[in-house]
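In what follows, a single structure is set out as structure tokens and then discussed.
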Amino acid sequence: MVRTMDQPRTRLVSWISAFVCVALTFSGAVVAKARVAELADGGMVATRSSWASQVGADILSQGGNAVDAAVAVGFAMAVTYPSAGNLGGGGFMVIHLADGTVITNDHREKAPSAASRDMFLDENGDVIKELSLHSHLAAGVPGSVAGLLDVLEKHGTMTRAQIIQPAIDLAAKGIVLDRDMAEGFARRAEAFAKYPASAAVFTHDGKLYQIGDRWVQKDLAATLRRIKDKGRAGFYQGKTADLLVAEMQRGGGLISHQDLLDYRSVWREPIRGTYRGYEIISMPPPSSGGVLLVQMLNMLEAHDLAAMGYGSAQAIHTMIEAERRAYADRAQHLGDMDFYPVPIQQLIDKKYAKARFADFDPAKAGKSEDIESGQLAPESMETTHASVMDAQGNAVSYTTTLNLSYGSKIVVSGAGFLLNNEMDDFSAKENTANYYGVIGRQANAIEPGKRMLSSMTPTIVLKDGVPMLVTGSPGGSTIITTTMQVILNVIDHQMSLSDAVSSPRFHHQWVPDRVLVEPFALSPDTRKVLEAKGHKQLLDLGTRFSLGDANSVLRTDRGFEGMADPRNAGTAMGVFKSAP
Ligand code: GLY
9 MVRTMDQPRT RLVSWISAFV CVALTFSGAV VAKARVAELA DGGMVATRSS
59 WASQVGADIL SQGGNAVDAA VAVGFAMAVT YPSAGNLGGG GFMVIHLADG
109 TVITNDHREK APSAASRDMF LDENGDVIKE LSLHSHLAAG VPGSVAGLLD
159 VLEKHGTMTR AQIIQPAIDL AAKGIVLDRD MAEGFARRAE AFAKYPASAA
209 VFTHDGKLYQ IGDRWVQKDL AATLRRIKDK GRAGFYQGKT ADLLVAEMQR
259 GGGLISHQDL LDYRSVWREP IRGTYRGYEI ISMPPPSSGG VLLVQMLNML
309 EAHDLAAMGY GSAQAIHTMI EAERRAYADR AQHLGDMDFY PVPIQQLIDK
359 KYAKARFADF DPAKAGKSED IESGQLAPES METTHASVMD AQGNAVSYTT
409 TLNLSYGSKI VVSGAGFLLN NEMDDFSAKE NTANYYGVIG RQANAIEPGK
459 RMLSSMTPTI VLKDGVPMLV TGSPGGSTII TTTMQVILNV IDHQMSLSDA
509 VSSPRFHHQW VPDRVLVEPF ALSPDTRKVL EAKGHKQLLD LGTRFSLGDA
559 NSVLRTDRGF EGMADPRNAG TAMGVFKSAP
């Protein structure tokens, strides 16, 4: 049985609210969302989209495992959360199977074969930002469909039709738009208007969609049907491929039929580390996430954050300094390891962390080189994260993205899905900041067929060899520090999942040398102490931005707790082994 996230005070209320919520969801009315953790004993799904969480929970309650649910969530989010859920983007999945196997699937986008190192530079050698963000050239070869299908085939238990049909239904029958979606479309209306196919999807004959309107995506439903019927050939060949390549030719993009045909997801060994006796399983390159996460945790392990206390100036100072050093290493060493020899073992070695942190001064802020001063991003850093656990001991941590919100804003005409603008995650020019203000060098230079460096950090934390926490986040370069803070909140500060996910966050990334600070993350006293230590740029995000969206699942003695990050409009849905 599936229960939605409205948190009951009693079991009776729980079931009344469960039925009310499920009924409202299917009747299309807007579901009111409580901001507390959901609890269930049969499995849990936490995503940014209530429809997608519902799909995942339905799959679990039909007997599917966490892998089936995560793949179904991936396809559903391509329909119901188009700003980051996708068919035209890429993602990473970290999987823990009940038999103890851990594996990751990399379906990151690749640079098209016609891409070249300087493709985003003008004649003076300066980066033309618009090209890597808002043009057909911004799109990497999509990987999501290949990855989701490979994962399902290898570790799922249900058929492709069972897994994709819910997404087809959502696209074909439509969903009733809530405020989150309607406002999201409205905010990007100008960008969509540049592309007729985008305007056709995200406006109603040129007029803005309103809250409560039914939103039907016929072309996307047809694309999903082709994938359901033909598998990867339904996307990388035939009509979908023809439409995508025609879109490229219309807009001067580079993705060719051969690029699509050649795309393969890659099974990679996870990054593994330990932190105070817990095992950390996360994503290897082309993500920087797992390496940096483990590196930072290694640096912090020698420091008693619990004794310092959550939110204390000393704990925050120590974390900032670990972040500063790890992100400096990111710029130099991290890239697609199929193209560049990333020194992974060294970077995640505890001895290296000790040496790297040896110059840490508990009394004084370090200094980042003044290389680039990135601006605050004017647009949200979209991406999205979903966490799933089932009662058999399978766990899936899945982060997927189009890069910026709605990617390039370009819908493939006739195919109904958005193209990513992931090429901006490459280092278009050495030491020059990308959209997220992070810099890169040769390790992340553009090369044909190479995967651009990511910060996505889908992570599973094991306790005594069993999945305890599944977490991750969107947020570009801030993904890694958000993920780390959730983990520290659970392990060091012994917070409930609710508190661990909700608590205010901060972020430092070496350059620009500033700390982004969510409201209430620093008390006035804490701020003064940090400033006295030399942290001069403590930049308040106010209500303009928040850091991350860490939809997470925690296994506790009471069952699975699911928490949709209250910063956004996600939903956690639990499944019961039997009705309570
Ligand atoms: N596009 C954001 C990331 O992959 O890090």
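When we follow our numbering, the leftmost residue of the sequence shown carries the number 9, and every step to the right adds one. C-beta: ideal position from N, C-alpha, C; glycine also.
Under 8 Å between C-beta atoms, does E277 make it to chain B? Among the protein chains of the structure shown there is no chain B, as only one such chain exists.
Among the candidates R233, A80 and F365, whose CA atom is the shortest distance from the CA of A330? Position 322 of the sequence shown, counted from the first residue, corresponds to residue 330. Selected option, being the one with the closest Cα: F365.
With C-beta atoms as the reference, is T248 less than 8 Å away from G242? The sequence position of residue 248 within the sequence shown is 240, counting from 1. The sequence position of residue 242 within the sequence shown is 234, counting from 1. For T248 and G242, yes; Cβs fall inside 8 Å.
Using a Cβ distance threshold of 8 Å, determine whether the stretch 554 to 563 contacts the stretch 474 to 489, with at least three qualifying pairs required. yes
Any heavy atom of the ligand GLY within a distance shorter than 7 Å of the CB on T391? The sequence position of residue 391 within the sequence shown is 383, counting from 1. Flag set: Cβ of T391 near the ligand GLY.
Are the CB atoms of M166 and Q72 within a distance shorter than 8 Å? On the sequence shown, position 64 is the one that residue 72 refers to. On the sequence shown, position 158 is the one that residue 166 refers to. Here residue 72 is Gly; the residue named in the question, Gln, does not match the sequence. Result yes, Cβ atoms of G72 and M166 sit closer than 8 Å.
Spatial neighbours of L105 within its chain, please: C-beta separation below 7 Å, excluding the five flanking residues on both sides. For this step, residue 105 is matched to residue 97 along the sequence shown. Taken in chain order, the residues that qualify are H163 and N402.
Residue nearest to L546 in terms of C-alpha spacing, selected from V110, S463 and L530: Taking the sequence shown and counting its residues from 1, one reaches residue 546 at position 538. Minimum Cα distance to L546 is reached at L530.
Between the CA atoms of L141 and G374 - distance to the nearest angstrom: Counting from 1 along the sequence shown, the entry for residue 374 is found at position 366. Counting from 1 along the sequence shown, the entry for residue 141 is found at position 133. For G374 and L141, the distance between alpha carbons rounds to 33 Å.
Applying the criterion that 16 or more other CB atoms from any shown protein chain within 10 Å of the CB defines a buried residue, is A92 buried or exposed? Here residue 92 refers to the residue found at position 84 when the sequence shown is read from its first residue. So A92 counts as buried.
Relative to the C-alpha of L549, which residue among L95, L524, E455 and G567 is closest? Taking the sequence shown and counting its residues from 1, one reaches residue 549 at position 541. Among L95, L524, E455 and G567, the Cα nearest to that of L549 belongs to L524.
G82 CB to nearest heavy atom of the ligand GLY below 7 Å: Position 74 of the sequence shown, counting from 1, holds the residue named residue 82. Outside the cutoff, so no.
Own chain partners of D221 with C-beta closer than 8 Å, once the 5 adjacent residues on each side are dropped: In the sequence shown, counting from the first residue as 1, residue 221 sits at position 213. Here the set comprises V184, L185, A190 and H212.
Reduced DSSP category for A37 - H, G, I as helix; E, B as strand; rest coil: The sequence position of residue 37 within the sequence shown is 29, counting from 1. Because the pLDDT at A37 is just 30, under 50, the model does not fix this residue reliably, and the value given afterwards should be weighed accordingly. In this structure, A37 counts as coil in the three-state DSSP scheme.
Helix, strand or coil for S510? Go by DSSP, reduced to three states. Here the question's residue 510 lines up with position 502 in the sequence shown. If DSSP states are grouped into helix, strand and coil, S510 belongs with the helices.
Assuming A339 and M304 form a contact by the criterion Cβ under 8 Å, report the distance between their Cβ atoms to the nearest whole angstrom. Taking the first residue of the sequence shown as position 1, residue 339 is located at position 331. Taking the first residue of the sequence shown as position 1, residue 304 is located at position 296. With a Cβ gap of about 15 Å, A339 and M304 do not count as contacting.
Taking the Cβ atom as the reference point for each residue, do K541 and K372 lie within a distance shorter than 8 Å? As a working mapping, residue 541 is identified with position 533 in the sequence shown. As a working mapping, residue 372 is identified with position 364 in the sequence shown. Contact: yes.
Starting from L562 and walking both ways along the beta strand (DSSP E), at which residues does that stretch end? To locate residue 562, count along the sequence shown from 1; it is residue 554. S560 to T564 is the span of the beta strand (DSSP E), which, as asked, contains L562.
Bridge partners for S595 per DSSP, in chain order? Examination of residue 595 is not possible in this model, given that the chain is present from 9 through 588 alone.
Rounded to a whole number of angstroms, what is the C-alpha to C-alpha distance between A74 and E569? As a working mapping, residue 74 is identified with position 66 in the sequence shown. As a working mapping, residue 569 is identified with position 561 in the sequence shown. Roughly 15 Å between the two C-alpha positions.
Determine the closest residue to P292 out of E309, Y283, V274 and N306, with distance taken between C-alpha atoms. Translated into positions along the sequence shown, residue 292 becomes position 284. The shortest C-alpha separation from P292 is found at V274.
Does the ligand GLY have a heavy atom nearer than 7 Å to the CB of D344? In the sequence shown, residue 344 corresponds to position 336, counting from 1. Outside the cutoff, so no.
Y283 in three-state terms, based on DSSP: Here the question's residue 283 lines up with position 275 in the sequence shown. Of the three classes helix, strand and coil, the one that applies to Y283 here is strand, per DSSP.
Within 7 Å: the Cβ of S462 and any heavy atom of the ligand HEM? Of the ligands one can find in the structure shown, namely the ligand GLY, none is the ligand HEM.
Rounded to whole angstroms, what's the CA-CA distance from T391 to R56? Just pull it up for me. Numbered from 1 along the sequence shown, position 383 holds the residue referred to as residue 391. Numbered from 1 along the sequence shown, position 48 holds the residue referred to as residue 56. T391 and R56: Cα-Cα distance of roughly 10 Å.
Sheet register partners of G570 (DSSP bridge): By one-based count along the sequence shown, residue 570 stands at place 562. According to DSSP, G570 bridges with E46 and V561.
Please tell me whether S121 and Q266 are closer than 8 Å, where the distance is taken between their beta carbons. The count along the sequence shown starts at 1 and reaches residue 121 at position 113. The count along the sequence shown starts at 1 and reaches residue 266 at position 258. Yes; because the gap between Cβ atoms is below 8 Å, this pair is in contact.
In the structure shown, what three-state DSSP assignment does M476 receive? Working through the sequence shown from its first residue, we reach residue 476 at position 468. Reduced to three states, the DSSP call for M476 is strand.
Identify which residue in F584, V299, Y271 and K137 has its Cα closest to the Cα of P456. Reading the sequence shown from its first residue, position 448 is the one you call residue 456. Nearest option by C-alpha distance: Y271.
If you compare alpha carbons, which of P150, T467, L538 and M581 is closest to A112? Counting from 1 along the sequence shown, the entry for residue 112 is found at position 104. Note that residue 112 is Thr in the sequence shown, not Ala. Looking at the Cα atoms, T467 is the closest of the given residues.
Quick check: what's the CA-CA separation for S61 versus N439? The residue given as residue 61 occupies position 53 in the sequence shown. The residue given as residue 439 occupies position 431 in the sequence shown. About 40 Å.
Exposed or buried, I219, counting other C-beta atoms within 10 Å across all chains shown (16 or more means buried)? Counting from 1 along the sequence shown, the entry for residue 219 is found at position 211. Per the 10 Å Cβ criterion, exposed.
Backbone secondary structure at M397 - three-state DSSP: Walking along the sequence shown from the start, residue 397 turns up at place 389. Looking at M397 - three-state DSSP - the assignment turns out to be strand.
State the DSSP-derived secondary structure class of A205, mapped to helix, strand or coil. On the sequence shown, residue 205 is found 197 positions in, with the first residue counted as 1. A205: helix per DSSP, three-state reduction.
Is N411 near the ligand GLY - that is, is its Cβ less than 7 Å away from at least one heavy atom of it? Here the question's residue 411 lines up with position 403 in the sequence shown. Yes - the ligand GLY has a heavy atom lying nearer than 7 Å to the Cβ of N411.
Going straight from the alpha carbon of S586 to that of G98, what length do you get? Reading the sequence shown from its first residue, position 578 is the one you call residue 586. Reading the sequence shown from its first residue, position 90 is the one you call residue 98. For S586 and G98, the distance between alpha carbons rounds to 36 Å.
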